[in-house]
Amino acid sequence: MESRARIFLLFLLHQTSVGGQQEGHLEGCVPGFQVKHYQLANKRIFQRGLPLLQVEFDDCAGNEDVAFKVSVSSFHVDENLNLVPVKDVTYSGPSLFIHGLSAHADDMAQVDMTGLPLESTRALKMPGLSRRLKRSLLVPPMIVTENQRAPFPRIIGRSHVISTEKSWDHIFRLTGHGADQDPKGLFTIDIDTGDVSVTRSLDREVIDSYLLEVSTTDLNGNLVEGPVILVITVIDQNDNRPIFRETRYTGEILEGSPIGTTVMTMMAFDADDPATDNAALRYNIIRQSPDKPSRNMFYIDAERGDIVTVISPMLLDRETLPTTTYELEIVAKDMAGSEVGLTGTATATITITDKNDHAPEFTHPLFEAYVLEGSTGVVLNLTIDDRDDPATGAWRAVYSIVNGDSTRRFQIQTNPDNNEGMLSVVKPLDYEGTAFHKIYIKVENEDPLVPDVSYGPTSTATVQVKVLDINEGPVFFPDPLVVTRMENIPVESFVASLNATDPDTLQLQSVRYSMLRDPAGWLTVNPLRGTVNTLASLDRESPHVYDNKYRALFIAIDNGSPPATGTGTLIIHLEDYNDNAPFVVPSVAQVCEDAHDMNVAIVGGQDRDLPPNGAPFKIELGKQPGLDKTWRVKSVNSTHSQIMLLHSLKKANYQLPLLITDSGVPPLSNISEVKVQVCVCNKNKMLCSSAHSHHPSLLVMFAAVILVLPCLFQ
1 MESRARIFLL FLLHQTSVGG QQEGHLEGCV PGFQVKHYQL ANKRIFQRGL
51 PLLQVEFDDC AGNEDVAFKV SVSSFHVDEN LNLVPVKDVT YSGPSLFIHG
101 LSAHADDMAQ VDMTGLPLES TRALKMPGLS RRLKRSLLVP PMIVTENQRA
151 PFPRIIGRSH VISTEKSWDH IFRLTGHGAD QDPKGLFTID IDTGDVSVTR
201 SLDREVIDSY LLEVSTTDLN GNLVEGPVIL VITVIDQNDN RPIFRETRYT
251 GEILEGSPIG TTVMTMMAFD ADDPATDNAA LRYNIIRQSP DKPSRNMFYI
301 DAERGDIVTV ISPMLLDRET LPTTTYELEI VAKDMAGSEV GLTGTATATI
351 TITDKNDHAP EFTHPLFEAY VLEGSTGVVL NLTIDDRDDP ATGAWRAVYS
401 IVNGDSTRRF QIQTNPDNNE GMLSVVKPLD YEGTAFHKIY IKVENEDPLV
451 PDVSYGPTST ATVQVKVLDI NEGPVFFPDP LVVTRMENIP VESFVASLNA
501 TDPDTLQLQS VRYSMLRDPA GWLTVNPLRG TVNTLASLDR ESPHVYDNKY
551 RALFIAIDNG SPPATGTGTL IIHLEDYNDN APFVVPSVAQ VCEDAHDMNV
601 AIVGGQDRDL PPNGAPFKIE LGKQPGLDKT WRVKSVNSTH SQIMLLHSLK
651 KANYQLPLLI TDSGVPPLSN ISEVKVQVCV CNKNKMLCSS AHSHHPSLLV
701 MFAAVILVLP CLFQ
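When we follow our numbering, the leftmost residue of the sequence shown carries the number 1, and every step to the right adds one.
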């Protein structure tokens with residue numbers, strides 16, 4: 001008792017020390033316990049974990065890091081400011097004190113116990129009363145309505161113990177979710193009477209029922225009866241409005257649909273108990289926009305939410321309705337639609353979709369086009385009318401040519417932007433051949449027409465195409481013109497005769513010829529007759545000749561107004577003439593001065609002429625005296641021969657003349673010199689002389705030339 005008096009004295013001193021408002025506190029707020037004196041009804045046992053009361057404490061700065069200390073260690077204050085036993089407490093004394101401390105407040109509150117038993121009664125313990133009495137625990141189901149208002153706690157039912165003998169020492173205990181398990185403290189039980197109470201308002205939409213257990217124990221906590229299951233059912237209140245999942249819904253209906261066609265279904269959700277009228281929804285259309293041609297074009301099934309058509313198919317015509325989109329405001333009401341029901345709204349947007357009930361029609365039965373002969377491309381745009389919905393298959397046009405174009409000179413495509421038919425010429429028209437074309441065109445839709453609509457005469461049109469004459473350029477025939485000529489034919493020899501005709505047969509026009517491209521400058525053309533002659537010698541071996549062919553380009557010009565031109569190609573296939581002497585390759589050979597193998601090298605012949613004016617070649621020593629004493633040439637095949645030494649030579653460079661003759665008629669010969677280097681060979685290295693070669697005398701060389709000249713002039 002002395003310690004409690006000391007605490008109470010501290011409490012009084014604290015009351016006098018806490019004065020005016022501290023710096024940083026909210027204006028008008030006094031830090032500390034807002035209620036400083038509490039009363040708590042005494043019971044024979046305070047059950048562990050069950051809140052007893054809630055204190056009111058405010059440090060005027062958010063209550064952060066507030067610490068509470070209770071004068072009786074069997075109790076503590078939890079995070080929700082509830083005074084809670086930390087164990088089962090059978091006696092706590094007449095009062096206890098709570099000390100609250102933070103950086104902004106330091107205060108105390110007092111809790112007094114009411115209805116305390118006599119000390120002698122608390123201590124009385126009769127040994128004969130500990131025996132088991134005949135008893136039975138009855139726990140009826142209980143109900144509680146959600147959303148109840150204060151004051152709390154409220155008694156919702158009572159547990160009973162039926163006994164043949166009075167038992168004064170049993171107490172009731174309540175366990176389970178909602179009692180000593182989360183959510184803790186929703187329900188409590190009077191340990192003496194068995195009355196079950198709810199401590200705060202419940203929400204059925206969070207938890208609709210609770211399953212707990214009731215038992216009785218003696219004062220030492222030993223189980224006497226039970227546990228017995230207690231079911232607490234939360235009764236629904238109409239506290240939730242119907243909610244549509246979306247605020248705006250969209251649907252479509254095909255024009256001309258029969259009455260009663262379902263467009264869409266509106267569905268709302270109500271969180272209240274589905275087994276009650278609180279969640280029994282009824283649907284209604286309260287607005288239709290626009291309201292033409294009828295205010296009630298649609299009907300909604302009150303219970304299912306199905307929106308159906310009630311307008312006749314004749315009036316449900318997309319082409320005659322004031323709009324193709326209708327907006328409905330839908331209301332869902334609970335309580336089965338009664339006046340006291342809660343409501344939710346949503347918007348339904350309904351689009352009247354098109355069906356192909358209008359055939360496309362040409363705006364004119366006859367179209368005319370004027371086309372320059374020889375030209376291609378779009379010449380005419382065909383226009384149509386179609387009352388169906390643009391950008392749909394019921395509106396998009398497909399054109400086809402059904403007659404009048406056996407040669408397939410015309411083509412028609414659809415312009416995707418405006419649905420017009422683009423008539424094109426794909427093969428040039430000839431005024432001299434046909435100056436007038438009449439074609440027949442049909443237009444259809446991508447989608448088929450509905451059964452009661454067909455394509456009529458207005459879905460076909462006639463197109464008259466008039467070809468305008470232009471001065472066309474002369475045309476060479478054949479083009480290219482190919483002729484064969486021998487190279488080296490005399491200058492002014494006839495090569496070919498060009499033939500260019502004017503396609504403008506209805507006009508009397510003349511043609512003149514001129515050269516356009518002659519790469520080597522070998523040709524000339526008669527401007528009137530078109531005959532081509534040589535201006536210089538033709539050479540098959542010229543770099544301007546490719547694959548034995550020489551190409552020249554000519555131009556023909558008529559005398560129309562304005563003049564027109566045409567071009568033609570002449571290809572001259574050149575036959576070979578033996579006009580190139582052969583020669584020997586390679587021109588250099590090397591041999592060691594002490595070589596035991598006297599074979600020097602293998603040389604071959606080459607000729608710019610074609611067979612038979614080339615190989616086989618005859619290769620032999622030149623005609624200089626004494627060559628046959630040192631050198632020998634032996635044929636290997638039709639193109640190559642072997643050069644051999646008859647005896648060793650000293651290190652020096654030697655110039656060996658070889659006479660080579662082709663097989664042309666007449667044959668051509670040529671003296672080719674091969675430089676033979678006699679070298680000193682040592683360990684796979686050849687040391688060759690860089691001095692000039694030994695040449696035959698001028699007299700010997702002159703004699704060799706004399707031998708060749710007769711062959712060149714045969």
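Even for Gly, the Cβ is constructed at its ideal location relative to N, Cα and C.
Name the two residues that bound the continuous alpha helix (DSSP H) containing residue i.
i: K629; result: 627-630
How many Å lie between residue i and residue j at the Cα?
i: S338; j: F269; result: 17 Å
i: P127; j: F46; result: At P127, the pLDDT of 39 sits below 50, so the modelled position is not reliable; the number obtained from the coordinates is stated separately. Approximately 24 Å, taken between the alpha carbons.
i: R551; j: V511; result: 22 Å
i: C679; j: L627; result: 20 Å
i: M314; j: F436; result: 48 Å
i: D357; j: I300; result: 28 Å
i: L516; j: F554; result: 5 Å
i: L223; j: H37; result: 36 Å
i: M266; j: R304; result: 8 Å
i: D447; j: V465; result: 30 Å
i: Y426; j: T534; result: One point to set straight first is that residue 426 is Val, not Tyr, in the sequence displayed. Distance between the alpha carbons of V426 and T534 is about 43 Å.
i: G256; j: T353; result: 10 Å
i: V463; j: E420; result: 14 Å
i: S74; j: K87; result: 6 Å
i: K683; j: N653; result: 21 Å
i: P428; j: I439; result: 16 Å
i: G194; j: G178; result: 16 Å
i: Y431; j: P503; result: 10 Å
Over the uninterrupted beta strand (DSSP E) stretch that includes residue i, give me the two end residues.
i: C592; result: 588-592
i: H37; result: 37-41
i: Y455; result: Note, Y455: premise wrong, no beta strand (DSSP E); not H, not E.
i: F617; result: Here F617 belongs to no beta strand (DSSP E), and DSSP marks it neither H nor E.
i: I45; result: From DSSP, I45 is part of no beta strand (DSSP E); its letter is neither H nor E.
i: R512; result: 511-517
i: I746; result: Since the first residue of the chain shown is 1 and the last is 714, residue 746 is not available in this structure.
i: M422; result: 421-425
i: Y577; result: Run containing Y577: none; DSSP gives neither H nor E here.
Three-state secondary structure (DSSP) at residue i?
i: D277; result: helix
i: T744; result: Within the shown structure, residues of the chain are numbered from 1 to 714, placing residue 744 beyond reach of any answer.
i: E246; result: coil
i: A336; result: helix
i: E541; result: coil
i: V636; result: coil
i: E361; result: strand
i: M264; result: strand
i: V398; result: strand
i: H170; result: coil
i: G85; result: Note that residue 85 is Pro in the sequence shown, not Gly. It is a strand residue.
i: M142; result: strand
i: M598; result: coil
i: N415; result: coil
i: Y370; result: strand
i: H524; result: First, the residue type needs correcting, since residue 524 is Thr and not His in the sequence shown. Reduced to three states, the DSSP call for T524 is strand.
Just to confirm my understanding: we take residue i, look at its own chain, exclude 5 residues before and 5 after, and list those with CB closer than 6 Å. What are they?
i: G560; result: N471, Q509
i: D203; result: E146
i: P616; result: S638, S663
i: K442; result: S400, V402, T460
i: V111; result: Y38, L40, L96
i: P141; result: V231
i: E368; result: Q464
i: D452; result: none
Please return the same chain residues whose Cβ sits closer than 8 Å to the Cβ of residue i, not counting the five positions on each side in sequence.
i: T363; result: T383, I384, D385
i: V633; result: I619, E620, L621, S641, Q642, I643, M644, L658
i: K651; result: E593, V678, C679, V680, L687, C688, S689
Quick check: is the beta carbon of residue i nearer than 8 Å to any beta carbon in chain C?
i: S663; result: Although the question refers to chain C, the structure presented lacks it and comprises just one protein chain.
Counting only the same chain and skipping the five closest in sequence on each side, list residues whose C-beta sits under 7 Å from that of residue i.
i: T458; result: E361, F362
i: L610; result: D576
- Query: Quick one: any contact between the region 406-415 and the region 365-373, if contact means 3 or more CB pairs under 8 Å?
  - Reply: no
- If you pair each beta-carbon of the region 320-328 with each one of the region 216-230, do three or more pairs fall below 8 Å? no
- Query: Using 8 Å as the Cβ pair cut-off and three pairs as the minimum, do the region 51-62 and the region 90-109 touch?
  - Reply: Yes: the two stretches touch, three or more of their Cβ pairs being nearer than 8 Å.
- Evaluate the contact criterion for the region 488-500 versus the region 531-545: three or more CB pairs, one atom per stretch, below 8 Å. yes
- Taking one C-beta from the region 292-299 and one from the region 235-252 each time, how about it: are there three or more such pairs within less than 8 Å? no
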